[in-house]
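Protein chains in written order, with the numbering used here: chain A, 2 to 319; chain B, 2 to 319; chain C, 2 to 319; chain D, 2 to 319; chain E, 2 to 319; chain F, 2 to 319.
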């Protein structure tokens with residue numbers, strides 16, 4: 002349990018606390034004397050830190066991505082609070098809980114998982130329902146689903162993000178199943194719940210959010226369909242056609258070859274799952290970027306590299 | 002009022018009735034003798050016709066796109082009914098009602114318009130509400146909105162299609178406004194109602210569905226924003242920022258420059274309107290193409306040129 | 002066993018023989034009288050046929066893709082031989098051997114399979130060797146591999162084409178393993194043998210070469226990796242890293258997302274397998290197209306749609 | 002009126018003068034002591050400045066884009082002159098004339114505007130002539146047209162640049178009207194004068210050249226056609242067809258959807274205006290880049306990011 | 002010398018005259034009896050012809066692209082005049098003058114060549130002037146330049162088209178050299194005259210306009226620079242830098258790699274030559290397509306495949 | 002002859018030796034005092050150097066790309082050895098041998114050239130054989146071929162790289178000539194040897210590897226075919242068709258217009274040379290990047306900008 006959080010640090014105080022190292026750079030003075038410029042964070046925010054002394058001894062003791070125990074003093078510098086570090090060292094894994102250090106979903110993970118499970122139970126086709134029980138009832142898989150992020154980058158890139166994104170999609174899909182009455186609600190719900198399931202193995206999210214080797218070599222789309230194939234194979238009598246359609250929904254959910262789907266949607270259900278995935282991801286990315294964009298009097302955000310545009314924040318007070 | 006519809010024609014009967022000419026081709030026999038191969042339709046279906054005699058006299062009297070009065074006999078040919086035409090001539094415009102000849106929405110136009118008007122009344126911002134009243138309360142514009150198709154091509158390409166597509170979108174947008182509570186419901190509803198309003202001038206749909214000259218030179222996106230600009234200018238005191246955001250939603254609703262939007266979405270509302278437009282159009286296009294694809298034992302449709310793929314109809318009985 | 006082959010038909014003879022229907026079209030005379038224009042083939046070539054009489058009765062009895070039993074007479078027409086058909090009917094499946102009707106590889110299938118098996122036995126890594134034995138030693142799979150085409154279109158699009166293409170690739174890969182000594186020969190050989198294995202389920206090739214439903218919904222790349230995954234799972238102790246690298250080779254063998262690989266090559270072995278696949282397919286496509294392009298005095302082929310160019314045949318006699 | 006220009010600053014002098022802040026960065030010394038690195042300019046050139054002392058007090062008093070009043074001393078540093086700043090503060094808007102601080106066209110603005118007006122008077126069609134009088138005779142619009150830049154980036158990106166670019170285009174269009182005698186000279190001249198008129202609202206150029214919010218949400222193409230539409234509406238009896246063709250010329254002048262035109266040129270006049278716009282912009286961009294590229298002995302410029310290439314300056318003395 | 006031209010044929014007359022065969026197709030009657038459908042032309046227009054009798058004997062005697070001697074009768078058919086052919090045979094090359102059969106420039110070839118030569122003489126740089134004399138003073142080359150088309154397709158695709166296009170470009174370039182005074186007029190003029198010189202070997206235009214084998218294997222861009230290289234090599238002392246810049250202008254004149262230039266323009270002269278080439282080709286293509294588009298009451302042309310759009314012809318009478 | 006190589010430098014020693022300057026940057030201390038940060042190299046490796054004193058005097062005396070004579074002391078800094086420079090000056094060209102300073106092929110240049118010459122002698126067509134003798138027997142050309150790099154960037158970008166790449170390709174082509182027996186071995190071998198011959202003039206590689214002016218204005222593809230054209234012209238009687246095919250192979254060897262080939266491969270030999278060039282370049286680029294990627298415990302390389310991906314190095318010890 003952390004003793005002190007970033008949001009509670011006040012200039013002038015002595016600090017003894019643990020943080021995650023987001024950035025670590027060695028800089029040089031005129032005569033070549035090095036100092037360390039470090040950015041630390043926990044779930045409540047982030048803070049700059051500097052190691053001016055004893056650099057050669059402290060530098061080898063921690064790396065970007067480590068969780069470190071820091072001793073020093075909070076100082077005020079240019080309207081911000083900064084840490085002047087006296088000692089900094091990597092903590093043992095056993096001492097810590099990742100939820101303390103990473104940004105996390107604002108939703109309640111257990112409630113979200115329960116809501117998702119309710120949708121799973123509402124599926125009528127018995128084979129699909131059994132398959133979902135098989136997935137969501139698997140304790141280890143459920144634990145990973147509750148923790149995984151939806152991406153490494155800027156949208157839902159936090160613990161619990163995958164679950165939050167999945168549940169948001171399923172709610173929209175449930176509405177669309179009523180809106181377009183001839184489409185298969187079962188296929189939409191199951192497709193929504195499982196389309197990104199491969200991400201629990203595509204990412205590592207114990208220490209830092211990054212790609213795993215299977216994630217880079219195979220990708221979450223393939224991994225997800227393979228997970229489906231193995232669990233379907235374990236359900237005796239599962240209809241081949243149903244398996245085929247469901248695999249297609251997952252395989253095609255990126256919509257275009259260019260975005261990594263080896264097949265494009267060829268059923269209306271695959272088309273809808275693709276659209277809702279894209280919609281929810283981009284709406285969240287817009288909202289996060291606008292929300293994180295400071296400068297309360299500016300109408301525009303900084304340039305968004307992925308969207309290749311500036312986003313409009315609107316008139317102040319509007 | 003038409004006296005006889007395609008779906009009621011029986012082989013062996015004498016026929017006197019009016020139809021729309023969908024296709025008209027001159028074909029030649031071995032020695033150069035011509036005959037006319039014609040495809041006729043009304044709102045209930047279409048039928049092949051042949052003019053074997055008196056071709057030189059009848060040919061100049063009608064063209065593709067005309068509504069014609071036909072006399073002849075229905076004959077049975079290869080399991081289908083065909084018309085052997087004795088006389089065929091173009092009708093005067095005053096004699097006919099286009100709703101008899103074109104495919105039309107299956108929805109009830111007046112009910113759909115009333116539902117759309119209810120959404121318009123639910124808008125809270127008084128300026129936007131006034132603007133919508135201005136549009137929907139304009140009898141001539143309302144009449145055109147009720148009749149216009151949403152496209153020339155394969156999705157919603159029938160009378161009333163634009164209204165049907167617009168209402169479908171607004172219903173989804175209304176849901177999404179609740180789902181994403183920080184977005185502006187008003188902007189979504191107004192954007193949804195007006196995003197395609199330029200189509201009532203982009204298309205001609207009295208005689209046949211085709212592009213108008215303004216439609217080809219300016220396009221419905223520009224035309225729609227110009228319509229907005231004129232009506233906003235007529236509302237004294239309409240806030241400039243609000244006008245700007247709304248124009249942006251309409252201008253950006255195709256999402257990408259490549260698809261004809263001169264600006265891409267830069268607000269979350271513009272993004273959502275774009276997505277829902279694209280989703281509803283493509284879902285409908287899939288469903289129409291699968292629905293129109295005969296051959297009840299085949300699992301696959303013909304090749305869809307726009308989507309560049311075959312669509313999966315599923316196992317028979319599934 | 003067929004009684005008569007296309008290459009042996011002589012004008013003036015009465016014909017009783019079986020053929021595959023490549024094309025079937027209904028054409029009309031001036032007064033609407035129909036006749037059937039049919040293209041027939043067997044493994045030795047193809048021939049035009051016409052059904053002038055009794056069309057209404059014979060037409061429903063066969064379709065494109067059927068193998069039919071034909072009675073009629075060979076006639077000479079414009080320097081070519083044509084069949085005037087008196088009777089034509091679909092044959093029962095039990096009566097026929099597809100190798101009689103389809104174009105087939107010029108290679109000896111058993112010899113090619115034996116050569117491929119020799120390469121499989123030369124693999125040194127025991128896990129990979131076991132895996133190959135598992136595949137090639139499976140009689141049903143081996144039978145399909147011997148018969149499958151490599152494509153529906155113009156290169157290796159004949160029975161045995163997949164085996165021919167696979168063996169050709171493996172020979173080149175074997176050379177390149179010696180040429181680039183630091184790459185893994187084992188991975189090249191196994192990747193070469195298995196990269197297209199999913200094609201045996203992507204295509205149907207009993208009646209006509211076409212895509213199966215799994216082929217269209219999932220594609221041979223996914224199907225192939227799934228086949229790998231299932232057989233690897235059955236080998237106790239198979240190293241995960243090795244499985245991962247091999248799956249990557251198969252998944253990435255189209256080289257680019259645009260061509261259907263959800264991941265691009267990230268190992269040198271995956272890169273080489275991709276290149277050799279592309280090279281062998283295109284060299285064969287060039288050679289088949291130039292070889293099939295008649296007109297012995299022309300320097301250029303017709304326009305090749307896939308390559309979007311004319312190919313140069315060179316000076317006559319050169 | 003400015004008292005001292007950059008080009009007249011000599012090392013060793015005390016400086017009291019006003020400049021525009023082009024760049025402002027806070028840098029840090031080894032121990033974290035900050036200094037300000039500033040780049041200042043006026044219409045005659047630019048100069049580096051450093052604030053070594055009193056940083057915390059001076060820093061909040063000005064920003065990039067401000068015009069500031071500076072006191073300090075010019076010092077010589079590495080063959081260049083630099084300002085050591087003692088005091089620096091933002092000036093009130095009322096004190097200054099933007100033409101003193103921004104780069105400006107080398108042409109005489111009034112002469113260029115007079116020349117453009119002559120072309121406007123040479124238009125024969127009375128409606129188009131009236132429309133041009135309406136635009137150019139509007140004092141406020143004329144004032145903005147004289148001041149606006151043609152771009153934010155590297156070509157004509159200076160005060161008066163839009164007028165210079167417009168006049169250059171009109172001269173070429175006048176020639177082409179004689180060269181291609183069947184095209185409409187009137188449409189070319191009017192199209193040339195008005196094609197970029199929306200830029201006077203797309204950019205802000207009082208303080209710094211940047212995009213306005215309407216510029217980013219709607220773009221100069223839409224804004225320009227809207228300006229046309231409003232002024233045409235005010236001319237009673239203006240022919241609809243003529244308005245349509247002219248709007249098309251402006252709407253289509255970027256030539257391709259990808260470059261922001263929602264419609265591509267469909268008349269020869271729209272095609273020519275597009276080409277001449279592109280030609281004049283790129284010729285000027287080449288010439289400015291080559292001209293600004295120092296290093297008198299080098300044959301090549303630096304890499305040009307927009308053109309994605311190095312440009313050839315030729316042999317010295319050639 | 003031709004005895005009769007298409008424009009002078011009247012229904013009812015007996016015809017004995019020579020024409021170029023544009024299209025030749027064999028069609029079939031119901032019972033398989035063939036007839037020939039032929040389109041003939043000379044420089045004044047084109048006409049349909051039919052061979053109803055003696056088909057087997059006449060068919061082998063001529064091919065598409067041949068110039069044929071025809072005997073028959075002009076008949077009136079559906080408001081058009083058609084030839085009923087009794088005899089048709091290929092003519093010997095020695096009997097005919099291609100200018101009688103192909104469409105040709107409306108300009109006077111000798112006057113155009115003289116005008117081009119005047120521009121060549123106006124070049125000031127002595128090396129470039131000598132080079133142009135070398136080209137234009139070569140009688141055989143001049144003869145080919147006077148006859149070559151500028152393209153196989155729809156713009157300037159007629160005898161003399163290359164010269165017409167070249168002269169039109171040089172006139173524009175001459176104007177632009179005055180308009181942009183710092184560019185090299187000499188380089189523009191020489192670049193304009195020689196940029197497409199490789200086309201005289203890229204096309205064959207004695208019998209029909211088509212690509213030559215060098216045209217397809219190397220293309221006119223490479224061929225043109227090779228022609229330059231050989232003639233420059235023959236001028237002792239020609240400066241290397243000058244040769245390099247000129248070769249670059251020709252090599253880069255298609256502007257983009259995608260359009261076949263292996264290098265993009267890196268000098269302002271290369272940029273301008275590219276633009277003017279593109280402008281003149283497209284303006285002419287627009288004008289030819291609109292001019293050839295019949296239907297005097299229609300506002301729009303047919304769909305233009307190269308431009309992928311309909312072109313606007315304007316209101317009738319406008 | 003160099004007296005000391007990078008790999009032999011030890012901390013604490015005084016240094017007097019020559020190196021190539023790879024990077025040179027001026028950095029500033031807090032008060033504006035400059036120092037030089039320099040990266041030096043020779044064929045054995047590279048080392049950091051700092052000039053702390055006497056900067057103003059030493060700075061003008063050398064530039065990036067120069068070979069310099071350095072006096073100073075090797076010091077240990079952060080586990081690495083660095084040079085503290087007292088004096089540094091550019092050396093005269095006459096004093097040095099470029100092979101001492103650049104990275105070079107690991108192969109033996111003379112042996113590689115001899116092997117290439119053996120392949121040249123194995124060509125059977127006498128004209129092609131003579132042509133190759135003409136090229137390889139030209140001492141100056143041979144000397145440049147032995148020294149030239151294959152690229153400026155990351156693959157084969159070292160002295161001798163072009164020869165190494167060429168020989169590697171010819172060996173593969175020799176194998177493929179046996180593998181595909183109907184292709185022309187002669188054309189493959191000659192195409193392989195000469196396809197990149199223009200690179201000896203595209204690059205400068207005496208001082209640093211960079212593009213020449215002809216390299217940037219014309220490119221190695223054009224330059225190479227021009228070299229062919231000149232040498233073929235000098236061989237009396239060389240068959241035109243053979244020249245044409247060979248030029249096509251060189252012109253088309255980049256495979257696509259986008260990659261700088263003005264024509265795409267239209268013969269099977271041109272296709273194969275293109276593929277083998279691409280394969281050998283990319284295999285080498287993968288292997289170099291993986292080989293240069295330090296961090297022996299990491300499974301993945303850094304991001305590769307050209308390939309736009311991370312490359313997989315595999316499990317340690319695998």
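Ideal placement from N, C-alpha and C gives every residue a C-beta, glycine not left out. All values reported here derive from a predicted model rather than from experimental measurement.
From C/100, C/105 and C/156, residue whose alpha carbon lies closest to that of residue 281 of chain C: Counted from its first residue, the third chain places residue 281 of chain C at position 280. Relative to residue 281 of chain C, the option among C/100, C/105 and C/156 whose CA is nearest is C/156.
Residue 86 of chain F (DSSP reduced to helix, strand or coil): Residue 86 of chain F sits at position 85 when you count from the first residue of the sixth chain. Three-state DSSP puts residue 86 of chain F in a strand.
Cβ-based neighbour list, residue 229 of chain D, same chain, cut-off 7 Å, excluding 5 preceding and 5 following: Residue 229 of chain D sits at position 228 when you count from the first residue of the fourth chain. Around residue 229 of chain D: 195, 247, 248 and 251.
Cutoff 8 Å; reference residue 315 of chain D; Cβ partners in own chain excluding five residues on either side: Position 314 of the fourth chain, counted from the start, is the residue given in the question as residue 315 of chain D. The answer, listed in chain order, is 300.
Cα-Cα separation between residue 41 of chain D and residue 122 of chain B, rounded to whole angstroms: Position 40 of the fourth chain, counting from 1, holds the residue named residue 41 of chain D. Position 121 of the second chain, counting from 1, holds the residue named residue 122 of chain B. Whole-angstrom Cα-Cα distance: 55 Å.
Exposure label - residue 283 of chain E; buried when at least 16 CB within 10 Å: Along the fifth chain, read from residue 1 onward, the residue named residue 283 of chain E stands at position 282. When all chains shown are included, residue 283 of chain E counts as buried.
Any chain F beta carbon closer than 8 Å to residue 13 of chain C: The residue labelled residue 13 of chain C in the question sits at position 12 within the third chain. The beta carbon of residue 13 of chain C does not come within 8 Å of any beta carbon belonging to chain F, so the residue lies off that interface.
Where residue 307 of chain A falls: helix, strand or coil (DSSP): Translated into positions along the first chain, residue 307 of chain A becomes position 306. Coil.
Chain-ordered residues of the stretch 254 to 274 of chain D with a beta carbon less than 7 Å from chain E: Considering only beta carbons, the part of the stretch 254 to 274 of chain D lying closer than 7 Å to chain E consists of 265, 267, 268, 269, 272 and 273, in chain order.
Interface residues of the stretch 205 to 234 of chain E facing chain C [CB-CB below 7 Å]: 214, 217 and 218
Residue range of the unbroken alpha helix (DSSP H) whose run includes residue 134 of chain C: Along the third chain, one-based indexing puts residue 134 of chain C at 133. From DSSP, the alpha helix (DSSP H) with residue 134 of chain C extends over 127 to 137.
Three or more C-beta pairs below 8 Å linking the stretch 180 to 189 of chain A and the stretch 85 to 105 of chain A: no
Any 3 or more C-beta pairs closer than 8 Å across the stretch 225 to 241 of chain A and the stretch 121 to 137 of chain A: A contact between stretches requires three or more CB pairs, one per stretch, nearer than 8 Å, and the stretch 225 to 241 of chain A meets this requirement with the stretch 121 to 137 of chain A.
Spatial neighbours of residue 31 of chain C in its chain, beta-carbon cut-off 7 Å, leaving aside the 5 residues before and after: Translated into positions along the third chain, residue 31 of chain C becomes position 30. With a pLDDT of only 45 at residue 31 of chain C, under 50, the local geometry of the prediction cannot be trusted, and no value is derived from it.
Residue 103 of chain E versus residue 46 of chain C: straight-line alpha-carbon distance, rounded: Numbered from its first residue, the fifth chain carries residue 103 of chain E at position 102. Numbered from its first residue, the third chain carries residue 46 of chain C at position 45. Roughly 41 Å between the two C-alpha positions.
Between the CA atoms of residue 87 of chain E and residue 8 of chain E - distance to the nearest angstrom: Mapped onto the fifth chain, residue 8 of chain E falls at position 7. Mapped onto the fifth chain, residue 87 of chain E falls at position 86. Distance between the alpha carbons of residue 8 of chain E and residue 87 of chain E: 21 Å.
Cβ contact (3+ pairs, closer than 8 Å) linking the stretch 167 to 187 of chain D and the stretch 269 to 281 of chain A: no
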